[in-house]
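*Asks:*
Number of protein chains: 2
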Amino acid sequence: MLKRTISLICLLMTLTIPAQQSGGYSLSLDDLIPGGSTYNNYRPQMPHNLRWWGDKLLCVEGDSVISVSLTEKGKKEVLFTLEGLNGLFQSKNKKISTINALSFPYPDKDNIIAFDTETDNGMMEKLLFDLEKRDFIASFVYPKNAGNLDFSPQSNRLAYTVDNNLFVSLAGVVSPLAVSAEEEEYITYGGADVHRNEFGITKGTSWSPKGTMLAFYRMDQTMVGDYPLVDISAREAKLKNIKYPMAGMNSHEVTVGVYNPANRTVIYLKTGLPKEKYLTNIAWSPDEKSIYVAEVNRGQDTCLLNRYNAETGELEATLFTETNSRYVEPEHPVLFLKNTPSQFVWQSERDGHNHLYLYNTDGKLLKQITSGRWDVLSVVGFDEKGENLFIVSAEESPIENHIYKLNIKTGIRTKLSGEAGMHTALLSVSGRYICDTYSSLAIPGKVAVIDTKSDKVHIVHEAKNPFEGIDMPEITVSHLKANDGKTDLYYRMVKPTDFNPSEKYPVVIYVYGGPHSQMVNNGWNSVRGWDIYMAQKGYIVFTLDNRGTSYRGHDFESITHRRLGIVETQDQMTGVEYLKSLPYVDANRIGVHGWSFGGFMTLNLMLRHPETFKVGVAGGPVTDWKYYEIMYGERYMDSPQENPEGYKETNMVDRAGDLSGRLLIIHGDEDPTVVMQHSLQFLKSAISNGTHPDFFVYPGHGHNMRGKDRVHLHEHITRYFDNFLK
Amino acid sequence: MLKRTISLICLLMTLTIPAQQSGGYSLSLDDLIPGGSTYNNYRPQMPHNLRWWGDKLLCVEGDSVISVSLTEKGKKEVLFTLEGLNGLFQSKNKKISTINALSFPYPDKDNIIAFDTETDNGMMEKLLFDLEKRDFIASFVYPKNAGNLDFSPQSNRLAYTVDNNLFVSLAGVVSPLAVSAEEEEYITYGGADVHRNEFGITKGTSWSPKGTMLAFYRMDQTMVGDYPLVDISAREAKLKNIKYPMAGMNSHEVTVGVYNPANRTVIYLKTGLPKEKYLTNIAWSPDEKSIYVAEVNRGQDTCLLNRYNAETGELEATLFTETNSRYVEPEHPVLFLKNTPSQFVWQSERDGHNHLYLYNTDGKLLKQITSGRWDVLSVVGFDEKGENLFIVSAEESPIENHIYKLNIKTGIRTKLSGEAGMHTALLSVSGRYICDTYSSLAIPGKVAVIDTKSDKVHIVHEAKNPFEGIDMPEITVSHLKANDGKTDLYYRMVKPTDFNPSEKYPVVIYVYGGPHSQMVNNGWNSVRGWDIYMAQKGYIVFTLDNRGTSYRGHDFESITHRRLGIVETQDQMTGVEYLKSLPYVDANRIGVHGWSFGGFMTLNLMLRHPETFKVGVAGGPVTDWKYYEIMYGERYMDSPQENPEGYKETNMVDRAGDLSGRLLIIHGDEDPTVVMQHSLQFLKSAISNGTHPDFFVYPGHGHNMRGKDRVHLHEHITRYFDNFLK
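Sequence lines, in order, name chains Z and H.
Going by my numbering, the first sequence opens with residue 6, and the numbers climb by one from there.
Going by my numbering, the second sequence opens with residue 6, and the numbers climb by one from there.
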């Protein structure tokens, strides 16, 4: 069954989607920008709410839940309709208001369905219905303003938070169990936002495998500085303080509690001193006796994998320690083998790429399961027997994702996904089937089902091209050599729709360039709507993933450590040199636009290369890393105290006097991520140094403009390039 | 001595200053804008710190205090030098650090001088020095952070505030007397900022004529809403709440206390209920027994002149009541006759213009002293015998000020000031001499001394034209008829320096247009530096004082009541129609710029007449009067509850969707006057309605940009017109 062996050098891909000269309609920003009134008309039409129920693949169509055939395209069976369900529920005086509220809490029990609904007295209720008994078998009441709902089907318990506190609701009982009763405003329990949802943290609670105990985060922010946001929509503008620890300042303090609903006790893991650290990737042992925590020190160069006793909170063992001179960043909890609870899989970038390692619970490394100059991107789950893992990796190419079956014992990988592109995998409960949703620059979107017994792939859905009959630009994805002479950098170029190689066009570089990102890949969505809009207007749009971005290994990403923006700017300039070499590029009309880290990059490019860039639009930019948040800031820059020269070198506020082109800075006045202090400090410095950036504010918006205002934003950005670059 | 009788109709003036084609130097914004590095080189050079000491007219030159001849131009005598004074003080171990610190607390005693200096232990000290005794005769110690210093030479007592509290320092005593010991943050004593320095209030304390008692304001703002300003210059942006009562919301509460240092008691005037009212124009009776207060109700349509017993605080009498269906606005305290303490002069707009009325202390109106369709602008003081008052009025023309001697008994006025222009008068202590500082469009600046015995005028200083040898534009001041067919509106037009009547020029209208203002008059300073700068760049700059502005009587100003911006805009459009009728005006290139009320007017013009205005720059604009401050807002607009239709009609936020030209809005992010909520609400509405204003912020600035950043501001404004209007 070996279809592909390990390759040490990735394939370099060049892809070109030819221009499409077929119609006269010009797409508007409403068509192309999320939030636009007609945006959905130009999205590939894909199944909604895809999920497994046993080995049935479900999706929502209109007011129905459909079972999709696993082998035949377009074949489907209606399982539930809103009307039918409400007919079932009517005699019990219950009602489901939308089919999207229907859930299947027991993937392995095909007789039980669930939904959340509002009660007559203004509460919410989660109801479990037995299709065989044709009756409700459980009900959980919780308040309307509850958040972080976490249901344990194993024990029939529902955890949730209200404001700062954590509760557990039992079936049929109206009064919940209070896990916490904190009155201090800035101490919260069970919140998902601990450590800003980084380190793979997406939940603030974690039920033990049998649902008998609940691990949860407690976050104390009382020692953290306030950042004053102002809500101007009030009758008189109103203060909205947020806790915002900036790099080098006091951090918040996190602990992990364990709640036992049986005896209503809480213990805390004895994670000890210093209190400032990152408690990440919490996982229960299969026997529920222990909790594994990946503990990262504030300096973020050391990670301990610790095991705590879930009953006493005592530290049982530090299984191993990972260090890195730049930073460690565990993002995946331990994963116990299906049939061998004394062994687990651990993901680590320790050899330079993210790979899988097999450990036993004594902390002994049994073997490295995968290796090579490519990253494992995610572990999907086990096959039926537990002998193989399904993984998604960038082995085929850094700009594609593919799904593999990985034999744990032999390390042999079998590529399961078929066509080129970006694949995401959803495994059925049994481990037999994988639902593969994918797209590429040429494929708007497909859904395939992989039968992992036969490795056969059946395409069950194919979206048609939403841009059919519309003039579309030529899109090229290719690569350049970085200034180190060896690193390949991928770029995408979108040419004007009416491209004529003998003319000269203005270029807008769209840049992000920061960690945890990839702008250029072989996916339908990687081409931004605005790229197409600008191409229609006669601009070339160019995007390059510089060193510092994702899926290329730790060295590629972390080379930027302590001096963010330096190497990234060099790589972007490699792109500019290439652009200048093209006969159809007007080197006197090069602009740049980016948001957040991309706003920071826009400033770097405008201010370090004023001779090159005529126009820039920087959205929500970091201008001085000392105003940025502690965790991200210190991971990539260390603290201002530890790295004064790095903070100085990367400080855009100090360079505001170097501005010579036209620069528009845009900020949301309630941005809690890159606070508006960044932009205002830049303006202050520019004013003091006699330069003239432009500025715009989106009142009431956070770090990004969402909804219909996002269309306005892109009109505003476009207008600026039209005014000064066209 | 009658030189001029009362005229019922003012003379309409047209003035033209011809262009000056004499050099090649173009003035820079640094030359022309306050705060510019070379700004002072282009200001008329006038005597510094002019004041009377007895009948000696003093000024400062370099490190010396000079006595200016009262009859001969340029003749002067050095009275004191810094070096000489420090020689005098040396033996006493005291030092004066700058000649500007020298003061003359007893205008009638020519042997005593004073100055404020820092002590060795970090305090401040006010020292009185007797030139005859060659020794210090008094010292008052006060802290460095003291404010609102108020010295009574009569009783040798110094009142001052530190933070919220009021103190009195006695000569030679280190520990001051504490008038108040308030710990509540938002209750203050002795502050000048009560009622936002309107109603002629410039001080928060008032010594009785002999200095035996001190009247003071107490202001309680605890019931007023907070407006959150944010200081982004801190390490982490910091909240700076201000108390900002918006129209229709809770007002602060003010009372008047009287402190008696002899027995250290405080009583409060029993001003009673409602607590929300305006206690204005506090004045002591000559015998120190009573205090007169002009009390205005919150609705500002009624003013009571009340007399209180200064010892008990009891209300003794309401002398009279003034009402007006629009608003009353007393700005001048009662002025007791020099030799008849039972009679006082009261200023009122009750007959439609500001005039003088003679009352006795029973509240009986003895006579109206002045009348006519012109305004008394200020009362300068009495002559030696107390038979005549000196006043400044607009009788000659609404766009000039002149000084008159007014016989109290007969009402006969004698014009004392000579040349046409804007005159300010400073009376010597005896009442014999007036120092007349004046300028006109043709006169950069002169100082004359008027001997009121002979009414002879001697010019003692004449500034030369600072623009000599520089190309200067033609400047015209003239008038148009408003759309009511009868009201004259004055305008100023500044033509391009290289004006050629056969070309077509773009126009920038500079507008203020709000109450308490006059932009067009026959004064050197009325032509703004930016007007000249823009004229050099080829723009016509046009400014018109619409109805609603000052010195034209109550009807002219208050016609805008309850609907600010409506009539004002009509009048500005009268100016536009005139401009369009000129062959050298390009009607397709008309722009507008204004600040504060002028920013509001800019929005009115851009949004009510989008077909006319291609470009606008609105600085610190009011966009919705409900966000404006209570006192000013309710005076001109009533409250939002009382006048919903007026607030709606004048709401620019609601009209943001009508924007079609280019509009730049500029705001200081710490503006405590027109809070930034105005601009941000406008942007929010524009975004929601799909229009595209531009925006700029001056971080750390208040309602106006001051210092060197003011030059940047004008570069920024100019650039916008150059980008989109030129």
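Where is the CB? At the ideal position from N, CA and C, for every residue including glycine.
Model, not experiment: these values are computed from the prediction.
#1: Can you tell me which of Ala322/H, Gly216/H, Arg378/H and Pro403/H puts its alpha carbon nearest to the alpha carbon of Asn551/H?
#2: What is the residue span of the beta strand (DSSP E) that Asp35/H lies within?
#3: Consider the Cβ of Ala623/Z: report whether some Cβ of chain H lies at a distance smaller than 9 Å.
#4: Which whole-angstrom value is the C-beta distance of Glu634/H and Met251/H, which I expect to be below 8 Å?
#5: Got a sec? Which residues, its chain only, sit under 6 Å from Thr607/H by beta carbon, not counting five neighbours each side?
#6: I'd like to know if the region 602 to 619 of chain Z and the region 531 to 539 of chain Z are in contact, where contact means that at least 3 CB-CB pairs between them fall below 8 Å.
#7: Here's a check: name, in chain order, each residue in its chain whose Cβ is nearer than 6 Å to the Cβ of Thr10/Z, leaving out the five neighbours to either side.
#8: Can you find at least 3 beta carbon pairs, one from the region 176 to 193 of chain H and one from the region 212 to 226 of chain H, that sit closer than 8 Å?
#9: Is the region 43 to 60 of chain H touching the region 431 to 450 of chain H in the sense that three or more CB pairs, one from each, lie closer than 8 Å?
#10: Counting only Cβ pairs nearer than 7 Å, list the residues of chain Z close to Arg724/H.
#11: To be precise: take each residue of the region 233 to 244 of chain H, compare its Cβ to all Cβ atoms of chain Z, and keep it if any distance is under 8 Å. Which residues remain?
#12: Can you round the beta-carbon distance between Gly253/H and Pro645/H to whole angstroms, since I take them to be within the 8 Å contact cut?
#13: Would you be able to state if there are at least three C-beta pairs under 8 Å between the region 102 to 111 of chain Z and the region 489 to 501 of chain Z?
#14: Measure the CB-CB distance between Lys282/Z and Asn302/Z and report whether it falls below 9 Å.
#15: State the DSSP-derived secondary structure class of Lys410/H, mapped to helix, strand or coil.
#16: Rounding to the nearest angstrom, what Cα-Cα distance links Met128/Z and Tyr147/Z in this structure?
#17: Using a Cβ-Cβ distance under 9 Å, would Lys653/H count as near chain Z?
#18: Is any beta-carbon of chain Z found at less than 9 Å from that of His598/H?
#19: How long is the line joining the alpha carbons of Val763/H and Asn470/H, rounded to whole angstroms?
#20: Closer than 9 Å, CB to CB, is Ile635/H near chain Z or not?
#21: In three-state DSSP terms, what is Thr19/H?
#22: What residues are listed by DSSP as bridge partners for Met477/Z?
#23: Check whether the Cβ of His428/Z lies closer than 9 Å to any Cβ atom in chain H.
#24: Out of curiosity, what's the CA-to-CA distance linking Asn305/Z and Phe726/H?
#25: Counting only Cβ-Cβ distances shorter than 8 Å, please list the residues of the region 688 to 712 of chain H near chain Z, keeping chain order.
#26: May I have a chain-ordered list of the beta strand (DSSP E) segments no shorter than 3 residues that lie completely inside the region 334 to 372 of chain Z?
#27: Should Thr124/H go down as buried or exposed, given a rule of 16 or more other Cβ atoms within 10 Å for buried?
#28: Do Ile408/H and Asn393/H have their C-beta atoms closer together than 9 Å?
#29: According to DSSP, Met129/H sits in a beta bridge with which residue or residues?
#30: When burial is assigned at 16 or more other CB atoms within 10 Å of the CB, is Tyr30/Z buried or exposed?
#31: Under the DSSP definition of a beta bridge, which residues are partnered with Tyr383/Z?
#32: Which same chain residues, not among the five before or five after Ser238/Z, have their C-beta less than 7 Å away from its C-beta?
#33: Does the beta-carbon of Val179/H have 16 or more other beta-carbons within 10 angstroms, so that it is buried, or is it exposed?
#34: Could you pull the start and end residues of the beta strand (DSSP E) that Glu720/Z belongs to?
#35: Can you find the residues in the same chain that come closer than 7 Å, C-beta to C-beta, to Asp113/H, ignoring five residues on each side of it along the sequence?
#36: Measuring CB to CB, does Lys78/H end up less than 9 Å from Val516/H?
*Replies:* In short:
#1: Pro403/H
#2: Premise fails: Asp35/H lies in the alpha helix (DSSP H), Leu34 to Leu37, not in any beta strand (DSSP E).
#3: At a cut-off of 9 Å between beta carbons, Ala623/Z makes no contact with chain H.
#4: Correct: roughly 7 Å between the Cβ atoms.
#5: Val597, Gly599, Gly621 and Ala623
#6: no
#7: With a pLDDT of 41 at Thr10/Z, under the threshold of 50, the predicted position of this residue should be treated as unreliable, and no value is reported.
#8: yes
#9: yes
#10: His697
#11: Pro233, Val235, Ile237, Ser238, Arg240, Glu241, Ala242, Lys243 and Leu244
#12: 4 Å
#13: Too few Cβ pairs lie closer than 8 Å, so no.
#14: yes
#15: strand
#16: 6 Å
#17: no
#18: no
#19: The structure shown does not extend to residue 763/H, since chain H spans only 6 to 731, so no value can be given for it.
#20: no
#21: coil
#22: Gln25/Z
#23: no
#24: The question names Asn, yet the displayed sequence has Gln at residue 305/Z. When rounded, the distance between both Cα atoms is 51 Å.
#25: Leu688, Lys689, Ile692, Ser693, Gly695, His697, Asp699, Phe700, Phe701, Val702, Tyr703, Pro704 and Gly705
#26: 348 to 353 and 360 to 365
#27: So Thr124/H ends up on the exposed side.
#28: no
#29: Glu123/H and Tyr147/H
#30: exposed
#31: Reading the sequence as shown, one finds Ser at residue 383/Z and not Tyr. Val397/Z, per the DSSP bridge assignment.
#32: Gly705
#33: exposed
#34: Not the beta strand (DSSP E): Glu720/Z falls in the alpha helix (DSSP H), residues Asp714 to Phe729.
#35: Gly59 and Val434
#36: no
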